[in-house]
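Trainee:
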Amino acid sequence: EAGVAQSPRYKIIEKRQSVAFWCNPISGHATLYWYQQILGQGPKLLIQFQNNGVVDDSQLPKDRFSAERLKGVDSTLKIQPAKLEDSAVYLCASSFIRGWNYGYTFGSGTRLTVV
Amino acid sequence: DAKTTQPNSMESNEEEPVHLPCNHSTISGTDYIHWYRQLPSQGPEYVIHGLTSNVNNRMASLAIAEDRKSSTLILHRATLRDAAVYYCIPTNYGGSQGNLIFGKGTKLSVKP
Numbered sequence: 105e106a107g108v109a110q111s112p113r114y115k116i117i118e119k120r121q122s123v124a125f126w127c128n129p130i131s132g133h134a135t136l137y138w139y140q141q142i143l144g145q146g147p148k149l150l151i152q153f154q155n156n157g158v159v160d161d162s163q164l165p166k167d168r169f170s171a172e173r174l175k176g177v178d179s180t181l182k183i184q185p186a187k188l189e190d191s192a193v194y195l196c197a198s199s200f201i202r203g204w205n206y207g208y209t210f211g212s213g214t215r216l217t218v219v
Numbered sequence: 626d627a628k629t630t631q632p633n634s635m636e637s638n639e640e641e642p643v644h645l646p647c648n649h650s651t652i653s654g655t656d657y658i659h660w661y662r663q664l665p666s667q668g669p670e671y672v673i674h675g676l677t678s679n680v681n682n683r684m685a686s687l688a689i690a691e692d693r694k695s696s697t698l699i700l701h702r703a704t705l706r707d708a709a710v711y712y713c714i715p716t717n718y719g720g721s722q723g724n725l726i727f728g729k730g731t732k733l734s735v736k737p
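Taken in order, these protein sequences are the chains called A and B. Each residue of the first sequence is one higher than the one before, counting from 105 in my numbering. Each residue of the second sequence is one higher than the one before, counting from 626 in my numbering.
1) Which of the three DSSP states, helix, strand or coil, is assigned to Lys-175 of chain A?
2) Contact between the segment 635–653 of chain B and the segment 188–201 of chain A: three or more CB pairs below 8 Å?
3) Can you give me the start and stop residues for the beta strand (DSSP E) that Pro-646 of chain B sits inside?
4) Taking only beta-carbon positions, decide if Asn-633 of chain B is within less than 8 Å of chain A.
5) What is the DSSP secondary structure of Asp-656 of chain B, counted as helix, strand or coil?
6) Check whether the segment 675–689 of chain B touches the segment 107–127 of chain A, taking contact to mean three or more Cβ pairs, one atom from each stretch, closer than 8 Å.
7) Taking C-alpha atoms, which residue in A:Leu-136, A:Glu-118 and A:Glu-189 lies nearest to Leu-181 of chain A?
8) What in chain B is Cβ-close to Pro-129 of chain A, meaning under 7 Å?
9) What does a CB cutoff of less than 7 Å around Ile-183 of chain A pick up in its chain, not counting 5 residues either side in sequence?
10) Note down, in chain order, every chain B residue with its Cβ under 9 Å from the Cβ of Leu-216 of chain A.
11) Going by DSSP, what residues sit across from Ile-689 of chain B in a beta bridge?
12) How big is the Cα-Cα spacing for Leu-687 of chain B and Pro-665 of chain B?
13) Along the beta strand (DSSP E) that carries Ile-108 of chain A, what are the first and last residues, could you check?
14) For chain B, is any of its Cβ atoms less than 8 Å away from the one on Ser-212 of chain A?
15) Thinking just about the alpha-carbon of each residue, which of A:Lys-187, A:Arg-173 and A:Glu-118 is nearest to the one in Pro-129 of chain A?
16) Tell me where the beta strand (DSSP E) around Pro-153 of chain A begins and ends.
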């Protein structure tokens with residue numbers, strides 16, 4: 105089966121600019137996650153969708169980050185305006201059913217550098 | 626969520642067994658123990674999970690202590706491709722959030 109697709113693979117922007125990341129999960133996976141991974145740390149959950157509804161966005165910095173999953177399939181994560189500390193890898197993951205913690209499939213991520 | 630303690634790093638020789646420990650002394654009775662690994666420049670991938678009994682699959686074995694306060698991921702014959710960061714994650718199967726919470730993990734280096 106095809107994996108989780110993410111684009112772009114790399115992005116370099118200046119601080120205060122905006123950026124958007126795209127994710128296409130595995131077909132049929134109802135749950136979609138966005139994680140942020142800062143260098144040297146484990147991934148940190150930003151937001152979780154169940155179909156097209158938000159289940160958990162408690163760790164999302166809502167003053168600058170937004171995410172949507174229209175039609176319950178692919179998703180977009182946006183940062184506006186970006187700060188230097190947003191430099192990280194942004195990982196998208198999907199799972200068939202919420203709670204199947206052994207069934208996460210991750211994409212390869214988008215590496216964001218803010219200068 | 627249960628707190629975990631893992632060594633920051635470990636080294637192994639190729640084709641030798643590797644035992645990756647994890648302490649999770651605050652684990653709840655309904656938490657499964659999941660292991661994921663992250664190869665360089667990739668997203669994490671599932672390795673194995675278990676509740677009480679030891680588990681085996683094609684990638685690894687999971688040995689769970691009787692009191693469930695610790696577990697060990699066993700790679701029977703390490704290969705160069707096994708060099709990765711290994712994350713031990715106790716989490717409630719079907720829990721209210723169903724989320725994976727990652728710590729810093731153990732970085733495994735494999736020498737030829």
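From the three backbone atoms N, C-alpha and C, an ideal C-beta is built for every residue, glycine too. The model shown is predicted, which means the values in this text are computed figures rather than measured ones.
Mentor: Here's the rundown:
1) helix
2) no
3) 643–648
4) no
5) strand
6) no
7) A:Leu-136
8) Residues of chain B passing the Cβ test: none, with the nearest at roughly 12 Å.
9) Ser-122, Val-123, Arg-168, Phe-169 and Asp-190
10) What Leu-216 of chain A touches in chain B: nothing, since even the nearest Cβ is about 14 Å away.
11) B:Ser-696
12) 23 Å
13) Note on identity: in this sequence residue 108 of chain A is Val, with Ile being the wrong assignment. Premise fails: Val-108 of chain A is in no beta strand (DSSP E) and is neither H nor E.
14) yes
15) A:Arg-173
16) Checking the sequence, you will find Phe at residue 153 of chain A rather than Pro. Its beta strand (DSSP E) spans residues 148–154.
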